[in-house]
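**Student:** Every letter in the sequence shown is one number past the one before it in my numbering, and letter 604, counting from 1, is 607. Right, I'll just put the structure down here and ask away after.
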Amino acid sequence: MAVLGVLSPFLGGWYFGGVLEGIARTAADADATVVAVQTLDAGTDQVELTEPPHPPYPLAWDHAAGFVVIVNAASAKYLHEIQATGRPVVAVSHDYPELECSTVFPDNRVGVRAAVEHLIRHGHRRIGFAGFLNALDQHERYETYRQTLRSYGIEPDPDLLFAATDNQEAGGARAAHAMLAAGMPSTAVVTGTDLNAMGLLRVLTEAGCRLPDDQAVVGFDDLSDAAFTVPRLTTVRQPLFQVGATAAEALLAAVGGNGGSPVRHEVATELVVRESCGCPPSVGVTALRAEGQSQYRERVRLQHAVSSQYDMSLDLLRSHEQDPRQLVWLRRTPARAGCLGLWTAGDQSLEIAGHFDRSVPAPPPLPPVSASGFPPAEILDAARGEPGTLTFVVPVRVGHRDWGLLATVDRVDLRAATGREPINQWAALLTVALDYQAALHTLREQEEQLRASALHDHLTGLPNRAYFLQLLAAALQRGSDVAVLFVDLNGFKYINDTYGHAVGDGILVEVADRLRAELGGHGTAGRFGGDEFLVLLDDSRSPEATARRLLSALNRPHRRDGRTLVVSASIGVARAHRTPLSDADALVREADAAMYRAKSRRTGVESE
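Have a look at this one:
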């Protein structure tokens, strides 16, 4: 079964979702499946892409027989690298002059020409245009608007061009403010998008304009909300499903070796007449009832979506309670399956940290894969046999923090606002949860380091005086029959003063190593301070024998910088008998006194 790859800035919403749905349905009809890769970071809101991103990895290349790229989702260089592997590319709504590839466009000219002609038939001559001309399709719509006016003997007036800052409502609102500031020089306006039109309608209505009497408005896209504006928006319908289907058909033909030379495919648009252009209302009772039912269903869907998103968000925010990498939170979503791949250090491979399958209570772990092999075949298989279902891949990356990739098997969400698609938000929240988990891990490590620093000698790593006394006090409280050895180094001060602290420190570290080695797991050594050490023995039956074994090890010469240096030791022994003892300090003092007797008598070892 063939796999068709899709590169898209976003993976849902009316536009990208509409194209994706057409691709997915057509692929299913051809017994193929689809893996769609989001090329923008997780959590990216709706943006106007002036420069196409360059994905840093060959994502899904091992699976995909070819790629559909929606608008400028990837750089020409990246697409050329794909073509160099023998995989064909089909571009949607964007020209790549550097590439030889087939393209698919909605026919902007048919729809815009119909819109302008419709306004002219209403008697308008002062027809403006409001849109974001930095976008290729907007510029094409603007040029068609100008050509249509000229074909009717109307010279386009540059003062009737009202620039929008983007394709969104905010851009339309900005254009409306420009219209008001100019004194409303037009009687009708064609907008670049429905969202532009909605922003424009809102601002003009708030300014007291009577629409469409003071200004007729026509949009472009036919969003579902266009039927519910006041007045209802006349607009040009983009056949996005058919655009996606045409792109999939072109890619399937190319994959099968029947693509031929690159072709520009154009899918016809059509004018949808409502009331914002000045036409009378044409909605009957039956249609109104259907619209009301549609609104009710949408309200129920939104309530369910918000509730599900809220619960899932809380799950991810509780990452300190449950590891978000396990993907248990996906059970609160409609996803059928999914996996999380986390980058491994030093290469482009991904460790599959989490595997989710709704049909299996505990899906098996999956082996690591390369970026080109992600998502694993098991995830792609979960999307087969279900028309309209495809595999989505989103970077778990926000800003400079790149954790890896999230893949899910799900249906396209057409109703979400562009940039607000559920999977986009899931990946963003997952990134934050992983950041939090990493920060918590770092804090715990630092806490442990601080604790270790507070309880251990920084030079030798042995328990310091305070910690040793804690260990001794705990042993005494348990009633253990313990013994304490107090170790003092003879001749150390001379070596330290003569050869320097570096040599002295080296000897102290070696003394600590010898103590650890001789004790094994049968005692605890600590540093009392300076050249003095302590040893806690859990069994006081033969502490003198242990002391003499330690003495033999400590009296061995040291080699430092080509020199043989001799440091001897004196050891005092004190036992904790089963009779009550005042405290740990008292036992250490007894061992200290015994050590001084050993030093003065030069016997090496003395007991209290």
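C-beta atoms are modelled at their ideal positions from N, C-alpha and C, and glycine is treated no differently.
1) If the criterion is Cβ atoms closer than 8 angstroms, does the pair L164 and G131 meet it?
2) Spatial neighbours of V266 within its chain, please: CB distance less than 6 angstroms, with the 5 preceding and 5 following residues excluded, ordered by chain position.
3) Spatial neighbours of H268 within its chain, please: CB distance less than 6 angstroms, with the 5 preceding and 5 following residues excluded, ordered by chain position.
4) Tell me the rounded alpha-carbon separation between H127 and V221.
5) According to DSSP, is V276 part of a helix, a strand, or is it coil?
6) Pairs of beta-carbons, one from the stretch 388-398 and one from the stretch 349-367, closer than 8 angstroms: are there three or more?
7) Roughly how many angstroms separate the alpha carbons of D44 and T434, rounded to a whole number?
8) Using the Cβ count rule (16 or more neighbours within 10 Å means buried), how would you classify V331?
9) Counting only runs of 3+ residues fully inside the stretch 492-574, write out the beta strand (DSSP E) ranges in chain order.
10) Report the three-state DSSP secondary structure of G25 (helix, strand or coil).
11) Leaving out five residues on either side along the sequence, give the residues of the same chain with a beta carbon under 8 angstroms from the beta carbon of T582.
12) Applying the 10 Å Cβ sphere with the 16-neighbour rule, what's the burial state of A2?
13) Check whether the stretch 512-530 and the stretch 464-473 touch, using three or more Cβ-Cβ pairs below 8 angstroms as the test.
14) Under the criterion of a Cβ to heavy atom distance below 7 angstroms, does L479 qualify as lining the ligand HEM?
15) Is the beta carbon of G575 sitting closer than 8 angstroms to the one on R592?
16) Pick helix, strand or coil for P161, following the three-state DSSP scheme.
17) Assuming R339 contacts V412 under a Cβ cut-off of 8 angstroms, what Cβ separation, rounded to an integer in Å, is found between them?
18) For N558, which option in G523, T606, A579 and T336 has the closest C-alpha, if you only look at C-alpha atoms?
19) Might you give, ordered along the chain, the residues of its own chain that have their beta carbon closer than 8 angstroms to the beta carbon of P58, omitting 5 neighbours on each side?
20) What three-state label does DSSP hand Q141 in the structure shown?
21) Using the Cα positions of G281 and Y439, report the straight-line distance between them to the nearest angstrom.
22) Hey, is the stretch 531-541 in contact with the stretch 475-492, meaning 3+ C-beta pairs nearer than 8 angstroms?
23) Is it the case that the stretch 383-395 contacts the stretch 27-37, given that we only count it when at least three CB pairs across the two stretches are under 8 angstroms?
24) Considering just the uninterrupted stretch of the alpha helix (DSSP H) at G247, what are its terminal residues?
25) Could you tell me which residues DSSP pairs with A94 in its beta bridges?
26) Distance, Cα to Cα, G357 vs E24?
27) To the nearest angstrom, how far is the alpha carbon of F359 from that of V37?
28) Residues in the same chain with beta-carbon distance under 7 angstroms from D460, minus the five sequence neighbours each way, listed in chain order, please.
29) Is it right to say H403 is buried, meaning 16 or more other beta carbons lie within 10 angstroms of its own, or is it exposed?
30) How long is the line joining the alpha carbons of P546 and A486, rounded to whole angstroms?
31) Apart from the five residues just before and just after V401, which ones in its own chain have a Cβ nearer than 7 angstroms to its Cβ?
32) Return the first residue and the last residue of the beta strand (DSSP E) that S352 is part of.
33) At the level of alpha carbons, what is the spacing between H125 and H97?
34) For the candidate residues P425, R213 and A441, whose alpha-carbon lies nearest to that of D405?
35) Please state the DSSP three-state secondary structure of P327.
36) Is the beta carbon of A230 less than 8 angstroms from the beta carbon of V192?
**Tutor:** So, from the data block:
1) Yes, these two residues count as a Cβ contact at 8 angstroms.
2) By the criterion of a C-beta distance shorter than 6 angstroms, V266 is surrounded in its chain by S105, once the five residues flanking it on both sides are discounted.
3) For H268, where only same-chain residues beyond five positions count, the Cβ hits under 6 angstroms are V107 and T249.
4) Pairing H127 with V221, the inter-Cα distance amounts to about 13 angstroms.
5) It is coil, neither helix nor strand.
6) At 8 angstroms Cβ cutoff, the stretches do not touch.
7) Those two C-alpha atoms are separated by around 10 angstroms.
8) Flag for V331 reads exposed.
9) The stretch 492-574 contains these whole beta strand (DSSP E) runs: 527-532, 535-540, 561-563 and 566-568.
10) Note: G25 maps to helix in three-state DSSP.
11) For T582, the predicted structure reports a pLDDT of 43, less than 50, and the residue's modelled location is therefore unreliable. The matter cannot be settled from this model.
12) Here the chain has residues from 4 to 611 only, and residue 2 is not among them.
13) Contact between the stretch 512-530 and the stretch 464-473 is present, because at least three Cβ pairs lie under 8 angstroms.
14) Summarising the ligand content, the structure contains no ligands, and the ligand HEM is consequently not present.
15) In this structure, R592 does not lie closer than 8 angstroms to G575 by Cβ.
16) P161 falls in the helix class under three-state DSSP.
17) About 5 angstroms; that satisfies the 8 angstroms criterion.
18) Per the Cα distances, T606.
19) So the qualifying residues of the chain are L10, V40, T42, A77 and Y81.
20) Helix.
21) Whole-angstrom Cα-Cα distance: 55 angstroms.
22) Yes, they touch.
23) At 8 angstroms Cβ cutoff, the stretches touch.
24) Looking at the DSSP string, the run of the alpha helix (DSSP H) that includes G247 is L243 to V258.
25) Answer is V72 and T106.
26) Between the alpha carbons of G357 and E24 lies a gap of roughly 27 angstroms.
27) Cα-Cα distance, rounded: 19 angstroms.
28) Cβ within range, chain order: N467 and R530.
29) The residue in question, H403, is exposed, as its Cβ has fewer than 16 Cβ neighbours within 10 Å.
30) Distance between the alpha carbons of P546 and A486: 7 angstroms.
31) The beta carbon of V401 lies closer than 7 angstroms to those of D44, A45, G46, A431 and T434 in the same chain, with the five residues before and after it left out.
32) Counting along the chain, the unbroken beta strand (DSSP E) around S352 starts and ends at S352 to D360.
33) Each residue's alpha carbon lies about 34 angstroms from the other.
34) Considering only alpha carbons, the answer is A441.
35) Note: P327 maps to helix in three-state DSSP.
36) Contact flag unset, no.
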